[in-house]
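Going by my numbering, the sequence shown runs without a break in its numbering and finishes at 255.
The structure appears below as structure tokens.
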Amino acid sequence: MDKVLVIFGSESDKDIYGKIIDSLKAKNIDCELKIASAHRNPEDIPKILTKKYSLVIAGAGLAAALPGVVAAHTIRPVIGVPVGANYAGLDALLSIMQMPPGVPVLTVGVNKSDIAAKAAAKMLKLYPTVRLVGDVKDPIAATAISKCKKILDKFAASYTVDLAADKGSVNIMFTYFDEPLEKADELVIYVPLLPEKEKDKAEAALDLVSHSGHGLWVGLGRGDNAAVAAVQIMNIDGRYDKDLLKYKQEIKKK
């Protein structure tokens with residue numbers, strides 16, 4: 002039976018993780034709660050992850066390292082929940098979303114416990130393929146899409162390219178912040194894009210708060226991380242276990 006680990010950095014985050022637990026139980030999804038801090042008791046995290054879980058929902062605030070540390074110790078998909086404290090939660094959002102290549106965390110908006118629980122329910126289904134949604138004629142989008150394809154090819158994962166999402170697929174959508182984002186019923190991983198002239202502007206980060214109100218997000222232009230996360234989601238039946246473990250060893254060497 003599928004089981005979801007809900008792990009948060011502090012008991013003070015109960016308002017957030019409590020809603021996640023309630024929502025999962027309402028959907029008859031088996032779940033377990035753990036409290037562990039990536040900074041105060043990091044040695045507990047790999048011990049917790051020795052148990053078998055289908056996916057993990059991890060949340061923290063401030064310098065929110067916990068979801069990333071969890072992702073470093075598992076091949077299961079990780080949903081990251083930034084908890085708002087200072088700066089409207091922007092510090093936690095960026096800490097969780099901006100992960101290095103090969104270690105994705107699928108990030109929801111600040112305090113978006115409902116989005117995390119809904120996404121978890123969708124991710125417990127079996128998906129046979131990935132749908133890449135973006136404009137391949139756009140050079141910035143094309144670069145991110147190329148990174149995505151390279152990873153999917155590495156895992157011999159099935160994918161298609163289109164301009165619309167598909168309910169039967171894990172969708173990876175490449176989007177600029179100036180594009181309106183409608184709420185999607187499909188399972189969507191958003192890859193944010195920015196024009197070159199905007200990438201070095203701190204102001205651009207503020208758009209993340211408003212745009213990440215729904216859906217799952219990876220870091221700026223990280224088509225590669227979106228692809229790894231998509232493979233992790235499709236691995237609900239364990240078909241990619243060996244390949245994902247091998248990939249983790251490869252990125253450790255790098």
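All C-beta atoms, glycine included, are put in the ideal place defined by N, C-alpha and C.
Where D163 is concerned, the enclosing beta strand (DSSP E) starts and stops at 160 to 163. Listed in chain order, the alpha helix (DSSP H) elements of length 4 or more contained wholly in the segment 191 to 253 are 204 to 212, 224 to 235. A check of alpha carbon separations from L209 across A93, T75, I46, D238 identifies A93 as the nearest. Note that the C-beta distance between I141 and L194 is below 7 Å. A72 sits buried, since 16 or more C-beta atoms from the chains shown fall within 10 Å of its C-beta.
Inter-residue distance for A61 and P68 is about 7 Å (C-alpha atoms, whole angstroms). Taking C-beta atoms as the reference points, P105 and A230 count as a pair closer than 7 Å. Secondary structure at P68: helix, using DSSP grouped into helix, strand and coil. Judged by DSSP secondary structure, D31 falls within the beta strand (DSSP E) whose first and last residues are 31 to 36. Residue pairing from DSSP places P83 in a beta bridge opposite A61. For Y177, no alpha helix (DSSP H) encloses it; the enclosing beta strand (DSSP E) starts and ends at 171 to 177. In the three-state DSSP reduction, T144 falls in the helix class (H, G or I).
The alpha carbon of D14 has as its nearest neighbour, out of K113, D163, P102, the alpha carbon of K113. By the Cβ neighbour-count rule, R223 is buried, with 16 or more other Cβ atoms within 10 Å of its own.
A residue is called buried when at least 16 other Cβ atoms come within 10 angstroms of its Cβ; I252 does not meet this threshold and is exposed. The residue from N226, V219, Y18, A27 with its alpha-carbon nearest to that of A122 is A27.
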